[in-house]
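Each remark here refers to the structure printed beneath this line.
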Amino acid sequence: MSTVDVKQVVLDIIADVAPDEDLSTLKSSDALREQLDLDSMDFLDIVMELRKRHKVEVPSEDYSHLASLDSCVAYLTPKFA
Amino acid sequence: MTKRIVITGIGLTSPIGNNLGEMRTNLIEGKSGIAETDIRYMGKRPAGLCDFDEFKYQKKKMRRRGTRAGSIGIYCANEALADAGITVDDSNRNDIGVFIGLTEHGNVETEEEIYQMHENDLDYRLWSIHHNPRTVSNSPAGEITLNLGIHGPHFTVGAACAGGNMGLIQGVQQILLGEVETALCGGLSESPATFGIFAAFNAQGALGSHPKDASLASRPLCETRNGITIAEGGCVYHIETLESAEKRNAKIYGEILAYSYNSDGTDFVLPNSERQIQCMNKALDRANLTVEDIDIVNLHATGTVMGDINEVKAVSEVFNESKNTYINFTKGHIGHTMGAAGALELAGNLPSFEDGIVHPGINVVKLDPNCEMNNLVINKAIETNDIDIILNNSFGMLGINSTVIIRKI
Numbered sequence: 006m007s008t009v010d011v012k013q014v015v016l017d018i019i020a021d022v023a024p025d026e027d028l029s030t031l032k033s034s035d036a037l038r039e040q041l042d043l044d045s046m047d048f049l050d051i052v053m054e055l056r057k058r059h060k061v062e063v064p065s066e067d068y069s070h071l072a073s074l075d076s077c078v079a080y081l082t083p084k085f086a
Numbered sequence: 009m010t011k012r013i014v015i016t017g018i019g020l021t022s023p024i025g026n027n028l029g030e031m032r033t034n035l036i037e038g039k040s041g042i043a044e045t046d047i048r049y050m051g052k053r054p055a056g057l058c059d060f061d062e063f064k065y066q067k068k069k070m071r072r073r074g075t076r077a078g079s080i081g082i083y084c085a086n087e088a089l090a091d092a093g094i095t096v097d098d099s100n101r102n103d104i105g106v107f108i109g110l111t112e113h114g115n116v117e118t119e120e121e122i123y124q125m126h127e128n129d130l131d132y133r134l135w136s137i138h139h140n141p142r143t144v145s146n147s148p149a150g151e152i153t154l155n156l157g158i159h160g161p162h163f164t165v166g167a168a169c170a171g172g173n174m175g176l177i178q179g180v181q182q183i184l185l186g187e188v189e190t191a192l193c194g195g196l197s198e199s200p201a202t203f204g205i206f207a208a209f210n211a212q213g214a215l216g217s218h219p220k221d222a223s224l225a226s227r228p229l230c231e232t233r234n235g236i237t238i239a240e241g242g243c244v245y246h247i248e249t250l251e252s253a254e255k256r257n258a259k260i261y262g263e264i265l266a267y268s269y270n271s272d273g274t275d276f277v278l279p280n281s282e283r284q285i286q287c288m289n290k291a292l293d294r295a296n297l298t299v300e301d302i303d304i305v306n307l308h309a310t311g312t313v314m315g316d317i318n319e320v321k322a323v324s325e326v327f328n329e330s331k332n333t334y335i336n337f338t339k340g341h342i343g344h345t346m347g348a349a350g351a352l353e354l355a356g357n358l359p360s361f362e363d364g365i366v367h368p369g370i371n372v373v374k375l376d377p378n379c380e381m382n383n384l385v386i387n388k389a390i391e392t393n394d395i396d397i398i399l400n401n402s403f404g405m406l407g408i409n410s411t412v413i414i415r416k417i
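Here it is as structure tokens:
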């Protein structure tokens, strides 16, 4: 899967986890939590959806890689290879 | 009671309306809210669903995290506060309590998780992180406090299908105890979202149906009735002391004059007429009323063969001497809204204080001879001169009985 596709996977999940948020102005390089109303439960939800929809595992020690959209893509793209 | 407590706000959703005005109109006009709906594994079955706007008072994210029961509660609580003219802010958020009666809770979420796990190769790691907060038994009441920023106490009252009355009673008791100044209290149900409750009533031979017309599935007291028609709904009251209501010149729907509740101690599912009689008489004694003082009795009448006969026997015995007490019921219109039933059905009758109309119980094609009783209002509303006092019955499994008496102010 390309980085563009992986980015879309993450955006689709965030859209479902945080349905009240406007994602159109999201800056890929900035922390998600600084731009969106996300809490720790939301990040657990994102991890759960990655597992459920794409069989991708994110161990707890790697949660920090989900900080921004860019870091998500960099971390997850090899897992979608 | 040591304090006079009154109803000053009503928020509700039912299969025949999302506010009291809509519901009342449809009750009087005899409209059924029952229709066929798809039930997982079971196909189309008659049920009562609500169509309120879930996002009128709740963000989509909170709805996703929470439960249908919580969403119903949030809608009703906000509507009750708006009706009462109350805004939750720093001046009152510590003094409001939330007390919600339930028949059951957590079945919907548990069934869904097991279904999803089954669909995903039994991978237990997909079990939702939200399962615990969704299924703790205080969940729907807690969701209301989260939504409104209420800091007073909250809990649910597990009381089977007496839950609606018992939630209201709990609110009264908490005010009497001085734990809260005001209460949001009543009952709710999301039962149609769980196939298990349909399957269980089906297994008991007590799931309501009709061979041709789903809107006739719920037909209490009818000779051909064959069981309960499951419905969702909610009704939350805002209650406060009469003194508080008068001080702020609030609209008063009625005074909660007395209540009572007891246990059969006899059977898991079969009702007990003796204990129902005891419950009604205790409430009448506490209110210092005679049966002639009661203008309307709302039957619990679920549409089961034995349940209706037992209740008619109990109410007939208590009210046999009264020539002016009208008897009606509500489940023909809305089905059995389980934990909401007591509160919702009481709300449906409260406008009688103003309009003098007794709404009918509907769908009685032919009255069961075993259910004949004096002054039964069926299929057509009755206009009267004056309705001053209503007695509302609500009974539940494991033998829990409740009666509430409301007086016009």
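Protein chains in written order, with the numbering used here: chain A, 6 to 86; chain B, 9 to 417. We put the beta carbon where it would ideally sit given N, CA and C, even for glycine.
Asked                                                                                                                                                                                              : Found
Any beta-carbon of chain A closer than 8 Å to the one on Ile302 of chain B?                                                                                                                        : no
Please classify Thr45 of chain B: does DSSP put it in a helix, a strand, or coil?                                                                                                                  : strand
Got a sec? Which residues, its chain only, sit under 8 Å from Asn393 of chain B by beta carbon, not counting five neighbours each side?                                                            : Gly364
Once the 5 residues before and after Gln284 of chain B are set aside, which same chain residues still bring their CB inside 6 Å of it?                                                             : Ala322 and Asn409
Using 8 Å for Cβ pairs, my map puts Leu307 of chain B next to Phe337 of chain B. What's the rounded Cβ distance?                                                                                   : 4 Å
When the distance is taken between beta carbons, is Val14 of chain B closer than 8 Å to Ile260 of chain B?                                                                                         : yes
Helix or strand or just coil, what does DSSP make of Asn210 of chain B?                                                                                                                            : helix
In the DSSP assignment, find the unbroken alpha helix (DSSP H) run with Cys84 of chain B in it and report its ends.                                                                                : Arg76 to Ala92
Considering only their Cβ atoms, is the gap separating Arg48 of chain B from Phe203 of chain B smaller than 8 Å?                                                                                   : yes
Helix, strand or coil for Ala291 of chain B, going by three-state DSSP, please let me know.                                                                                                        : helix
Counting only Cβ-Cβ distances shorter than 8 Å, please list the residues of the region 68 to 96 of chain B near chain A, keeping chain order.                                                      : Lys68, Lys69, Arg72 and Arg73
Answer yes if the region 216 to 230 of chain B comes into contact with the region 173 to 189 of chain B, meaning at least three C-beta pairs across the two stretches below 8 Å, and no otherwise. : no
Please report whether the beta-carbon of Asn383 of chain B lies at a distance below 8 Å from any beta-carbon of chain A.                                                                           : no
Less than 8 Å between the C-beta atoms of Gly195 of chain B and Leu110 of chain B, yes or no?                                                                                                      : yes
If you measure beta-carbon to beta-carbon, which residues of the region 36 to 68 of chain B are closer than 7 Å to chain A?                                                                        : Lys67 and Lys68
Below 8 Å CB to CB, which residues in the same chain sit around Thr8 of chain B once its five sequence neighbours on both sides are set aside?                                                     : Missing from the structure shown is residue 8 of chain B; chain B here goes from 9 to 417 and no further.
Taking contact to mean 3 or more Cβ pairs, one atom from each stretch, closer than 8 Å, check whether the region 262 to 274 of chain B and the region 371 to 381 of chain B are in contact.        : no
So Asn318 of chain B and Ser281 of chain B are supposed to be a Cβ contact under 8 Å. How far apart are they, rounded?                                                                             : 5 Å
What's the gap between the Cα of Lys52 of chain B and the Cα of Phe209 of chain B?                                                                                                                 : 15 Å
Got a sec? Which residues, its chain only, sit under 8 Å from Glu300 of chain B by beta carbon, not counting five neighbours each side?                                                            : Glu329, Ser330, Lys331, Asn332 and Thr333
Check Thr6 of chain B in the structure and name its three-state DSSP category.                                                                                                                     : Since the first and last residues shown for chain B are 9 and 417, residue 6 of chain B lies out of range.
Quick one: does Arg133 of chain B have its CB under 8 Å from some CB of chain A?                                                                                                                   : yes
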